[in-house]
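Asks: Got a structure here, written out as structure tokens. Questions coming.
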Amino acid sequence: MGDTAMPDVSAFDIYFNMIKEVFGRAAEYLLHTYENFQGYVAHLTDKEAETISSMAGVVSVFQNRKNHLHTTRSWDFMGFPIDVKRSSVESDVIIGVIDSGIWPESESFTDEGFGPPPAKWKGRCDAPHNFTCNNKIIGARYFRADGNITMNGIASPRDTDGHGTHTASTAAGAVVGDASFLGLGQGTARGGVPSARIAAYKACWDDSCYDSDILAAFDAAISDGVDIISISVGGFENPYFRNPIAIGAFHAMKKGILTSCSAGNSGPDLQSVGNFAPWLLTVAASSTDRKFVTEVKLGNGVAVQGISLNTFDPQHKTFPLIYGGDAKNTSYEYSSRYCDEDSLNKTLVNGKIVVCDYWIDGETPFVAGAAGLLMRDLGPHDAPDSFPLPTSYLNDDDGSRVVSYARSFTSTPYGTILKSVAINDPSSPTVVAFSSRGPNPISPGILKPDLTAPGVSILAAYSPVATVSHAASDPRSVSYNIVSGTSMACPHASGVAAYVKSFHPTWSPAAIKSALMTTAFPMSKESNEEVELAYGSGHINPLKAVNPGLVYDADADDYVKFLCSQGLNATEIRLISGKTNSCSNGNNYADSHWDANYPSMALPTSAGAFDVVFYRTVTNVGSPNSIYHAAVTTPEGQAVAINVQPSVLSFDSVGQKLSFTVRVSGSIGLRALMSSSLVWDDGEHQVRSPILVYNLL
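For the sequence shown, the UniProt record's numbering assigns the number 1 to the initial residue and increments by one for each residue that follows.
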């Protein structure tokens with residue numbers, strides 16, 4: 001199949017006449033013709049197909065084979081197929097999702113085949129406004145401390161935003177066939193642990209998520225008996241003792257509950273990562289091998305390709321183009337080029353494709369009656385969005401070509417915005433531009449984010465009363481939506497953590513987090529210039545995480561020692577941990593955060609020589625009798641030495657702990673990153689810890 005048929009000639013007529021020439025008639029043969037490439041579907045016998053294939057101009061004729069529906073990509077992309085080995089107690093695992101609520105009627109939350117909730121469950125279902133829990137959604141509560149339910153809110157766990165439904169179904173949604181976003185991304189939607197239970201805690205409303213409500217949600221989830229908490233929420237870079245997620249997660253950790261959270265969407269700036277407490281699992285967002293692109297055809301024969309999630313069918317129609325700067329509302333002469341609110345002259349843009357010089361949500365052109373929207377920008381183009389009208393987001397070069405054509409004034413410029421299509425992205429996985437980067441703004445010796453997971457173009461369940469796009473005026477309603485963000489990456493990690501928990505119910509939160517981090521796929525340094533500051537330990541690897549071999553464990557006392565190393569006083573530590581113990585005056589806690597038993601190692605340094613020793617302890621969770629050898633990789637040309645003592649660890653029982661040191665010495669230049677790693681290898685397990693030395697001054 002090649003390009004589209006010749007212009008001004010109907011593809012249907014060409015193929016109709018071809019078949020008629022061979023068989024004398026065509027109506028019962030020709031079933032379908034394609035619009036964007038040459039080809040057709042016909043009902044033929046083998047002999048007839050052979051006859052057609054011998055005709056001049058026919059490239060190939062092949063059988064219409066049956067293809068099986070594929071997953072909506074992210075889980076299969078991670079090497080985690082739907083028929084992976086499952087624990088018999090997966091249905092006993094409860095994921096608490098702190099978010100904007102949940103839409104219980106979604107197919108992703110059916111409880112068909114589920115028994116009653118596990119005996120450990122102590123929660124409840126707040127069920128006003130016809131909200132009903134079941135044996136899948138076993139609990140649902142909402143929190144609004146000030147009682148101010150705004151006009152778009154409902155005093156109910158019901159999700160009117162879509163975000164909470166999307167994240168919950170990504171983590172633990174049931175298997176739903178033939179799901180799509182208005183035809184895009186069609187396949188089987190599912191969560192990482194389809195048999196796990198969900199408890200929804202609505203702490204987010206249309207005017208954001210308040211600290212008090214987040215803390216109330218953590219409090220309830222801990223009391224209710226959840227196993228994993230997933231929270232795709234973040235805020236300011238508050239110190240630990242003023243951060244509700246850090247505080248709530250510390251108390252969850254004391255009860256054996258791991259909190260998985262999003263890294264934030266403030267990238268690609270450095271030191272933009274949120275949720276950076278060491279007892280949290282902090283997840284960055286990366287791409288999968290599926291990319292949605294949107295082609296634009298111009299009347300001068302030029303075609304350019306941008307990105308968006310455009311579900312609108314142009315139906316062969318073209319529309320005039322107009323540059324926003326030439327469609328000024330008299331009160332907003334300068335801002336019309338950016339298509340700012342109320343800046344466009346409705347008379348001039350009505351029924352036309354508007355070209356704007358910046359990314360917008362589409363609300364202004366849509367309200368003004370535009371037929372489409374094209375945007376150009378120097379910014380990154382790696383995550384498509386939905387818009388309320390046909391839209392494509394172009395890079396600056398292609399956008400400039402479109403603007404030049406739209407302002408040519410020699411003839412009426414016009415164009416067509418085609419429906420989006422999915423193509424393969426061979427560069428994946430890469431950390432996307434919006435994903436927040438390290439270093440940790442409070443504790444630079446703790447590498448954050450911890451790892452990365454799929455966070456681009458994730459298809460999952462959605463609230464049918466929520467706006468599909470960023471624009472409030474978008475009238476569409478969907479049951480499944482494609483959304484991007486670290487909010488989407490977080491529940492992937494939450495689902496994998498729950499998967500590991502189902503095989504190892506007694507493992508501590510730190511052990512589960514260590515398993516996810518030390519088994520992660522190493523990422524490409526060439527396509528992620530911020531290296532570990534972007535992706536942490538690497539890309540999550542669900543199957544390997546179940547059997548990590550060794551884990552870096554830690555408990556509440558270890559984290560209190562870490563807080564002491566950060567200079568917090570007894571009152572501040574008590575605000576976080578609830579513990580009254582103070583830091584010992586007899587110990588020198590300066591720089592002792594190198595002693596935090598973390599699965600990764602980060603060394604911030606200034607120009608000049610450095611010599612630092614990291615102290616670590618690993619616990620054997622693999623074979624009883626095993627011998628691990630240390631292997632260190634360092635980049636060529638770096639004046640850095642890494643020495644591990646001892647270099648061999650010999651275990652003779654499961655649960656045995658052995659300690660070692662990693663001495664990192666040398667020097668690096670200004671604004672430099674030195675990326676290396678330590679791998680403990682017993683022939684079966686490769687327990688990998690990244691080592692990052694950096695200078696950002």
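We put the beta carbon where it would ideally sit given N, CA and C, even for glycine.
Quantities reported herein were computed from a predicted structural model and do not represent experimental measurements.
Taking the runs of the alpha helix (DSSP H) that are 4 residues or longer, which of them lie wholly in the segment 111-185?
Replies: If we require 4 residues or more, the alpha helix (DSSP H) runs fully inside the segment 111-185 come out as 163-172.
Asks: Closer than 6 Å by C-beta to Ala672: which residues in its own chain qualify, once you throw out the five before and the five after it? Chain order, please.
Replies: So the list reads Asn695, once near-sequence residues are dropped.
Asks: When you compare the CB positions of Thr617 and Leu649, do they come within less than 8 Å of one another, or not?
Replies: Taking 8 Å as the Cβ cut-off, Thr617 and Leu649 do not qualify as a contacting pair.
Asks: Among residues of its own chain, excluding the 5 on either side of Gly369, which ones have a beta-carbon nearer than 7 Å to its beta-carbon?
Replies: The answer, listed in chain order, is Lys346, Val349, Asn350 and Gly351.
Asks: Restricting to Cα atoms, I'd like to know which of Tyr338, Thr519 and Pro81 is closest to Glu684.
Replies: Measuring from the Cα of Glu684, the nearest candidate turns out to be Thr519.
Asks: If you compare alpha carbons, which of Gly536, Asn424 and His381 is closest to Thr452?
Replies: Comparing Cα positions, the closest option is Gly536.
Asks: On the three-state DSSP scale, how would you describe Gly96?
Replies: In this structure, Gly96 counts as strand in the three-state DSSP scheme.
Asks: For Ser223, which residues of its own chain have a beta-carbon under 7 Å away from its beta-carbon, when the five flanking residues on both sides are left out?
Replies: So the qualifying residues of the chain are Lys122.
Asks: Hey, how far is the Cα of Arg688 from the Cα of Gly622?
Replies: Roughly 15 Å between the two C-alpha positions.
Asks: What residue does the alpha helix (DSSP H) around His251 start on, and which one ends it?
Replies: Segment Pro244 to Lys254, the alpha helix (DSSP H) holding His251.
Asks: In chain order, what residues of the same chain have a beta carbon less than 7 Å from the beta carbon of Asp681, not counting five sequence neighbours either side?
Replies: These residues qualify, in order along the chain: Tyr628, His629 and Ala631.
Asks: Can you tell me whether Leu348 is helix, strand or coil according to DSSP?
Replies: Helix.
Asks: How many angstroms separate the CA atom of Asn528 from the CA atom of Ile198?
Replies: The straight-line gap from Cα to Cα measures roughly 35 Å.
Asks: What is the DSSP secondary structure of Asp361, counted as helix, strand or coil?
Replies: Coil, per DSSP.
Asks: Return helix, strand or coil for Leu215, following the three-state DSSP convention.
Replies: In this structure, Leu215 counts as helix in the three-state DSSP scheme.
Asks: Look at the Cβ atom of Asp474, then the Cβ atom of Val468, and state whether they are nearer than 8 Å.
Replies: In this structure, Val468 lies closer than 8 Å to Asp474 by Cβ.
Asks: Give me the residue from Val354, Leu692 and Arg337 with the minimum Cα distance to Leu321.
Replies: Checking every option, the nearest Cα to that of Leu321 belongs to Val354.
Asks: On the three-state DSSP scale, how would you describe Tyr334?
Replies: Coil, per DSSP.
Asks: Thinking C-alpha only, which one of Ser420, Ser577 and Thr661 is nearest Pro252?
Replies: Strictly speaking, residue 252 in this sequence is Ala, with Pro absent from that position. Out of Ser420, Ser577 and Thr661, Ser577 has the C-alpha closest to the C-alpha of Ala252.
Asks: Considering Cα atoms alone, identify which of Ser287, Arg437, Tyr338 and Phe250 is closest to Ser427.
Replies: Per the Cα distances, Ser287.
Asks: Going by Cα to Cα distance, which pick from Val664, Asn643, Tyr552 and Val546 is closest to Pro604?
Replies: Out of Val664, Asn643, Tyr552 and Val546, Val664 has the C-alpha closest to the C-alpha of Pro604.
Asks: So, using beta-carbon positions, are Phe250 and Trp205 closer together than 8 Å?
Replies: Cβ atoms of Phe250 and Trp205: not closer than 8 Å.
Asks: So, is Arg242 buried or exposed, given that buried needs 16 or more other C-beta atoms within 10 angstroms?
Replies: It is exposed - the Cβ of Arg242 has fewer than 16 other Cβ atoms within 10 Å.
Asks: Exposed or buried, what is Glu530 when buried is set at 16 or more other beta-carbons lying within 10 Å of its beta-carbon?
Replies: By the 10 Å Cβ count, Glu530 comes out buried.
Asks: For Glu530, list the residues DSSP reports as bridge partners.
Replies: The partner list for Glu530 (beta bridge, DSSP) is empty, contrary to what the question assumes.
Asks: Excluding the 5 residues flanking Ile114 on each side, which residues of the same chain have their C-beta closer than 7 Å to its C-beta?
Replies: Checking the sequence shown, residue 114 turns out to be Phe, not Ile. So the list reads Ser91, Asn135 and Lys136, once near-sequence residues are dropped.
Asks: Helix, strand or coil for Asn275 per DSSP?
Replies: Asn275: coil per DSSP, three-state reduction.
Asks: Any idea if Asp499 is buried or exposed, counting beta-carbon neighbours within 10 angstroms, 16 or more meaning buried?
Replies: It should be pointed out that residue 499 corresponds to Tyr in this sequence rather than to Asp. Buried, by the Cβ-count rule.
Asks: Could you give the residue range of the alpha helix (DSSP H) that holds Asp269?
Replies: Premise fails: Asp269 is in no alpha helix (DSSP H) and is neither H nor E.
Asks: Whose C-alpha, out of Pro380, Gly185 and Asp159, is nearest the C-alpha of Ser420?
Replies: Considering only alpha carbons, the answer is Gly185.
Asks: Am I right that Thr486 and Gly264 are in contact with their C-beta atoms under 8 Å? What's the rounded C-beta distance?
Replies: That pair is a contact at about 6 Å.
Asks: Enumerate in chain order the residues of its own chain whose CB-to-CB distance from Gly379 is below 7 Å, with the five nearest sequence positions on each side excluded.
Replies: Excluding positions up to five away in sequence, the list reads Trp359.
Asks: Which same chain residues, not among the five before or five after Arg574, have their C-beta less than 8 Å away from its C-beta?
Replies: The residues are Thr580.
Asks: Using DSSP with H/G/I as helix, E/B as strand and the rest coil, what is Asn17?
Replies: Helix at Asn17.
Asks: For the candidate residues Leu373, Leu394 and Pro390, whose alpha-carbon lies nearest to that of Asp382?
Replies: It is Leu394.
Asks: For Phe319, count neighbouring Cβ atoms within 10 angstroms of its own Cβ and tell me buried if that reaches 16, exposed if not.
Replies: Its Cβ being crowded by 16 or more others within 10 Å, Phe319 is buried.
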